[in-house]
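**Q**
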Amino acid sequence: MDTMELIALVIFIGVYGFIMSERIHRTVAAMVGASLVLLINIVPWEKVPKYLDLDTILLLAGMMVVVNVARESGLFEYIAIKTAKLSKGSPMKVLLLFSVVTAVVSAFLDNVTTVLLLTPMLLYITKRMDVNPIPFLLSEVFASNIGGTATLIGDPPNIMIGSAAGLSFNEFLFNMGPIALVDLFATVGIIYLAYRAEMNAHKENEEGIRMTIMSLDENDAIRDPVLFKKSITVLVGVIIGFFFHDRLGVEPAVIALTGASVLLLWSGASPEHALEKVEWATLFFFGGLFIIVGSLVETGAIAQIANWMVSHIHSEGEAVLVISWFSAFSSAVVDNIPFTATMIPLIKAMGTQLNTYPLWWALSLGACLGGNGTAIGASANVVVIGIAHREGIRITFGDFLKVGMAIMVTTVAIGTAIIWLRYVGL
Amino acid sequence: MGMSWLHDIILRKFNDIAGTRYEEILKAYKNFFLTEEELVIPEINSILLAFDRFSCRVSEDVYETISAFENVSLQVVYVIDEGVLRMIRETLGEEAAEEFKEKEVAFAEDFLREVEKKLGELNFKFSRKIAFGDKAEYVEDLSEEYDLLVISRRYGSETTKTHRVSPVVFRIVQHVEKPVILY
Numbered sequence: 006m007d008t009m010e011l012i013a014l015v016i017f018i019g020v021y022g023f024i025m026s027e028r029i030h031r032t033v034a035a036m037v038g039a040s041l042v043l044l045i046n047i048v049p050w051e052k053v054p055k056y057l058d059l060d061t062i063l064l065l066a067g068m069m070v071v072v073n074v075a076r077e078s079g080l081f082e083y084i085a086i087k088t089a090k091l092s093k094g095s096p097m098k099v100l101l102l103f104s105v106v107t108a109v110v111s112a113f114l115d116n117v118t119t120v121l122l123l124t125p126m127l128l129y130i131t132k133r134m135d136v137n138p139i140p141f142l143l144s145e146v147f148a149s150n151i152g153g154t155a156t157l158i159g160d161p162p163n164i165m166i167g168s169a170a171g172l173s174f175n176e177f178l179f180n181m182g183p184i185a186l187v188d189l190f191a192t193v194g195i196i197y198l199a200y201r202a203e204m205n206a207h208k209e210n211e212e213g214i215r216m217t218i219m220s221l222d223e224n225d226a227i228r229d230p231v232l233f234k235k236s237i238t239v240l241v242g243v244i245i246g247f248f249f250h251d252r253l254g255v256e257p258a259v260i261a262l263t264g265a266s267v268l269l270l271w272s273g274a275s276p277e278h279a280l281e282k283v284e285w286a287t288l289f290f291f292g293g294l295f296i297i298v299g300s301l302v303e304t305g306a307i308a309q310i311a312n313w314m315v316s317h318i319h320s321e322g323e324a325v326l327v328i329s330w331f332s333a334f335s336s337a338v339v340d341n342i343p344f345t346a347t348m349i350p351l352i353k354a355m356g357t358q359l360n361t362y363p364l365w366w367a368l369s370l371g372a373c374l375g376g377n378g379t380a381i382g383a384s385a386n387v388v389v390i391g392i393a394h395r396e397g398i399r400i401t402f403g404d405f406l407k408v409g410m411a412i413m414v415t416t417v418a419i420g421t422a423i424i425w426l427r428y429v430g431l
Numbered sequence: 305m306g307m308s309w310l311h312d313i314i315l316r317k318f319n320d321i322a323g324t325r326y327e328e329i330l331k332a333y334k335n336f337f338l339t340e341e342e343l344v345i346p347e348i349n350s351i352l353l354a355f356d357r358f359s360c361r362v363s364e365d366v367y368e369t370i371s372a373f374e375n376v377s378l379q380v381v382y383v384i385d386e387g388v389l390r391m392i393r394e395t396l397g398e399e400a401a402e403e404f405k406e407k408e409v410a411f412a413e414d415f416l417r418e419v420e421k422k423l424g425e426l427n428f429k430f431s432r433k434i435a436f437g438d439k440a441e442y443v444e445d446l447s448e449e450y451d452l453l454v455i456s457r458r459y460g461s462e463t464t465k466t467h468r469v470s471p472v473v474f475r476i477v478q479h480v481e482k483p484v485i486l487y
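Chains A and B supply the protein sequences, listed in that same order. Quick note, the working numbering runs 5 ahead of the 1-based positions in the first sequence. Quick note, the working numbering runs 304 ahead of the 1-based positions in the second sequence.
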């Protein structure tokens with residue numbers, strides 16, 4: 006191991022440590038690490054564009070603009086009220102419908118925005134039903150992470166994998182969609198079995214609960230009817246664009262940026278206001294991370310680890326198992342974004358001796374669903390637990406771990422089995 | 305200490321991730337969520353309907369609203385201003401005061417006859433009385449015994465051409481702790 010490789014590894018491990026400990030903001034940790042590898046010239050300046058994955062960064066930025074402009078219209082509150090009314094105050098229907106809606110919305114929008122917008126409504130309904138809100142909140146979190154697994158744009162690891170491996174939106178939907186669907190219903194089933202005793206609303210209050218929920222008017226949520234219609238049109242257009250991006254020969258990032266531009270132009274929304282709400286901290290986090298991981302590629306560290314792994318793994322089947330389970334348990338503990346950023350060049354390097362196509366699905370499966378394992382496994386978990394804490398509902402790390410691990414193991418097992426059957430065979 | 309440090313990490317992360325976004329979302333939701341107070345439906349078993357010579361006729365909407373409460377007992381009271389009666393007695397004498405009183409009571413009887421007829425049609429159980437006293441104080445004291453007060457916005461004063469609600473009613477509404485239907 007040469008000196009540069011050692012320095013790159015120390016910086017990489019140091020940044021990982023800071024990200025995990027949360028002692029300093031993850032974006033700052035990634036920026037400091039990236040600055041160091043650039044200063045020491047481990048990654049030469051002219052190679053920055055190669056490592057800076059603009060597909061991922063611009064896709065995220067484009068979708069953030071679309072979502073933030075659409076949010077102003079009240080679109081997501083409208084969806085939340087519609088879902089609440091469909092449930093008619095039945096706890097089981099609330100559990101199922103909110104899980105399905107959360108999963109579907111998360112498949113197309115970022116998970117944090119989805120849970121931020123749906124959780125207040127879920128808390129309101131559970132309070133009216135006078136039931137324990139914890140199973141409903143947990144189900145929402147799990148559904149959000151599972152829904153994100155289904156599409157190329159559902160979760161940042163998928164965006165990164167899609168960009169690195171050149172996988173299309175439809176390939177993701179075809180490979181990960183069925184897994185997400187089976188996993189979602191398995192999750193709702195497990196939550197129901199674990200908490201069924203606490204999910205019964207008082208019979209005598211049923212009519213009052215139903216009336217309170219039905220008295221909500223979804224039209225009250227629409228703050229700007231014109232923007233509301235334009236937002237729906239553009240969102241639908243963007244999603245249709247994703248379905249056809251590979252046939253059109255256009256990158257998903259271009260679809261997202263076009264959607265953002267069209268919405269800004271058509272709605273007349275202030276670009277300053279819309280861009281102010283883009284999560285620049287997240288985008289810089291990605292940028293910094295890509296450069297740090299680039300330093301490991303540049304020094305040959307990734308190639309050495311990949312060679313070591315390939316020498317111990319003898320087939321695609323073994324690789325699928327190792328990658329999916331290793332990714333799942335790792336993502337349960339560390340942020341799945343840096344984890345995926347590290348695994349991508351590793352899998353690419355394994356491509357010299359193995360067919361990597363099924364391995365990308367194994368990575369997506371583990372990185373996205375591993376987030377369900379612990380309370381800090383995914384951003385959506387943290388947001389919902391944070392909101393619950395604000396509302397006086399305490400979900401401890403241990404409480405989450407018990408259910409989260411069961412869900413994670415079940416969903417990853419289902420996913421691995423489906424990938425195995427599809428690409429390895431019996 | 306246990307796993308509390310992990311919980312601290314979660315709360316720190318929540319601030320990083322959600323920040324002020326959650327506050328904005330909550331504000332938007334508050335526009336159509338019912339508040340805790342709005343959700344508590346008070347139990348109504350007895351209703352006080354207070355009238356005087358300035359009160360408007362009870363509208364059909366009000367009758368319809370109080371019809372929603374089942375097995376409720378109603379008290380109908382017509383208040384004649386004792387202060388005016390005393391003033392007439394002191395300035396114009398006992399005879400003038402008696403004449404004023406008779407006229408006021410006759411007016412009250414006419415007014416209440418119509419109310420009683422309507423309440424009878426709606427099958428309400430009710431009792432009625434004509435009382436003498438301070439219009440505000442009398443209703444404030446009596447309303448403590450009832451779950452709901454129904455009162456006209458012109459009660460206590462006809463000077464509602466500039467103000468839609470009479471000052472006496474303003475005072476009553478501020479002092480009573482019971483829900484009030486103002487018509």
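Cβ coordinates follow ideal geometry from the N, Cα and C atoms, glycine included. Quick caveat, the model's predicted, so the values are computed rather than measured.
Any contact between the region 222-230 of chain A and the region 25-39 of chain A? By contact I mean 3 or more CB pairs, one from each, below 8 Å.
**A** No, the region 222-230 of chain A is not in contact with the region 25-39 of chain A.
**Q** Looking at the structure shown, is aspartate 385 of chain B part of a helix, part of a strand, or coil, going by DSSP?
**A** Looking at aspartate 385 of chain B - three-state DSSP - the assignment turns out to be strand.
**Q** By the criterion of Cβ-Cβ separation under 7 Å, what are the contact partners of asparagine 335 of chain B in chain A?
**A** Chain A residues near asparagine 335 of chain B: Asp225.
**Q** Distance, Cα to Cα, glycine 376 of chain A vs asparagine 341 of chain A?
**A** Roughly 7 Å separates the two Cα atoms.
**Q** The ligand SAH and proline 257 of chain A: does the residue's C-beta get closer than 6 Å to at least one heavy atom of that ligand?
**A** Among the components modelled here there is no ligand, and therefore nothing to report on the ligand SAH.
**Q** Taking C-beta to C-beta, are threonine 61 of chain A and methionine 165 of chain A nearer than 7 Å?
**A** In contact: threonine 61 of chain A and methionine 165 of chain A (Cβ atoms closer than 7 Å).
**Q** To the nearest whole angstrom, what separates the beta carbons of leucine 100 of chain A and serine 144 of chain A, a pair I think is in contact under 8 Å?
**A** Contact holds; Cβ gap of about 6 Å.
**Q** Give me the Cα-Cα distance between leucine 44 of chain A and isoleucine 16 of chain A, rounded to the nearest whole angstrom.
**A** When rounded, the distance between both Cα atoms is 12 Å.
**Q** If you run the structure through DSSP and keep just helix, strand and coil, what is valine 484 of chain B?
**A** Note: valine 484 of chain B maps to strand in three-state DSSP.
**Q** Go ahead and label methionine 348 of chain A buried or exposed: buried means 16 or more other beta carbons lie within 10 angstroms of its beta carbon, across all protein chains shown.
**A** Buried, because 16 or more other Cβ atoms sit within 10 Å of the Cβ of methionine 348 of chain A.
**Q** Check the DSSP bridge columns for phenylalanine 355 of chain B and list the partner residues they point to.
**A** Answer is B:Tyr382, bridged to phenylalanine 355 of chain B.
**Q** For chain A, is any of its Cβ atoms less than 7 Å away from the one on phenylalanine 318 of chain B?
**A** Yes, contact with chain A.
**Q** Beta carbons nearer than 9 Å to chain B: which residues of the region 110-131 of chain A have them?
**A** Within the region 110-131 of chain A, the residues whose Cβ lies closer than 9 Å to some Cβ of chain B are Val117, Thr118, Leu121, Leu122, Thr124, Pro125, Met126, Tyr129, listed in chain order.
**Q** So is glycine 391 of chain A in contact with chain B if we call contact Cβ pairs under 7 Å?
**A** Chain B contact via Cβ: present.
**Q** Please name the residue or residues paired with alanine 435 of chain B in a DSSP beta bridge.
**A** Answer is B:Val383.
**Q** Name the residue from A:Ile318, A:Ile307, A:Phe248, A:Asn360 whose alpha carbon lies nearest to the alpha carbon of isoleucine 158 of chain A.
**A** Of the candidates A:Ile318, A:Ile307, A:Phe248, A:Asn360, the one whose C-alpha sits nearest the C-alpha of isoleucine 158 of chain A is A:Phe248.
**Q** For the candidate residues A:Met68, A:Arg133, A:Thr119, whose alpha-carbon lies nearest to that of glutamate 341 of chain B?
**A** Considering only alpha carbons, the answer is A:Arg133.
**Q** Taking DSSP's pairing of strands, which residues face leucine 270 of chain A in a bridge?
**A** DSSP lists no partner for leucine 270 of chain A.
**Q** Any C-beta of chain A sitting closer than 7 Å to the C-beta of alanine 245 of chain B?
**A** Nothing about residue 245 of chain B can be read from this structure; chain B reaches only from 305 to 487.
**Q** Taking 7 Å as the CB-CB limit, is serine 384 of chain A close to chain E?
**A** No chain E appears in this structure, whose protein chains are A and B.
**Q** Does methionine 305 of chain B pass the burial test, meaning 16 or more other C-beta atoms within 10 Å, or should it be called exposed?
**A** Since pLDDT at methionine 305 of chain B reaches only 49, below the 50 mark, its modelled position is unreliable, and the value read off the structure follows with that caveat. It counts as exposed.
**Q** Less than 7 Å between CB atoms is the rule here; does alanine 332 of chain B satisfy it with respect to chain A?
**A** Cβ-Cβ to chain A under 7 Å: yes for alanine 332 of chain B.
**Q** Just to confirm, are leucine 294 of chain A and proline 343 of chain A a CB contact at a threshold of 7 Å?
**A** Yes, the pair counts as a contact, with Cβ atoms nearer than the cut-off.
**Q** Could you give the distance in angstroms between the alpha-carbon of alanine 411 of chain A and the alpha-carbon of leucine 189 of chain A?
**A** When rounded, the distance between both Cα atoms is 13 Å.
**Q** Using three-state DSSP, classify lysine 331 of chain B as helix, strand or coil.
**A** If DSSP states are grouped into helix, strand and coil, lysine 331 of chain B belongs with the helices.
**Q** Looking only at DSSP bridge pairs, what is lysine 429 of chain B linked to?
**A** According to DSSP, which records beta bridges pairwise, lysine 429 of chain B is partnered with B:Ser377.
**Q** According to the neighbour-count rule (16 or more other Cβ atoms, all chains shown, within 10 Å of its Cβ), is cysteine 360 of chain B buried or exposed?
**A** It is exposed - the Cβ of cysteine 360 of chain B has fewer than 16 other Cβ atoms within 10 Å.
**Q** Under 7 Å between the Cβ atoms of glycine 322 of chain A and valine 146 of chain A?
**A** No, they are not a contact pair.
**Q** Are the region 473-487 of chain B and the region 381-388 of chain B in contact at 8 Å, needing three or more beta carbon pairs?
**A** With the cut-off at 8 Å, the region 473-487 of chain B and the region 381-388 of chain B do not touch.
**Q** Kindly identify the DSSP beta-bridge partner or partners of isoleucine 455 of chain B.
**A** Isoleucine 455 of chain B pairs with B:Ala354, B:Leu486.
**Q** Using a Cβ-Cβ cut-off of 8 Å (strictly less than) and excluding sequence neighbours within five positions of tryptophan 313 of chain A, which residues of its own chain qualify?
**A** Cβ neighbours of tryptophan 313 of chain A beyond the five flanking positions: none.
**Q** Taking all protein chains shown into account, do 16 or more other C-beta atoms lie within 10 angstroms of the C-beta of phenylalanine 103 of chain A, making it buried, or fewer, making it exposed?
**A** Buried, by the Cβ-count rule.
**Q** For isoleucine 328 of chain A versus leucine 368 of chain A, is the C-beta spacing smaller than 7 Å?
**A** It is a contact, given that the beta carbons lie within the stated cut-off.
**Q** With DSSP collapsed to three states, give me the class of glycine 397 of chain B.
**A** Three-state result, glycine 397 of chain B: coil.
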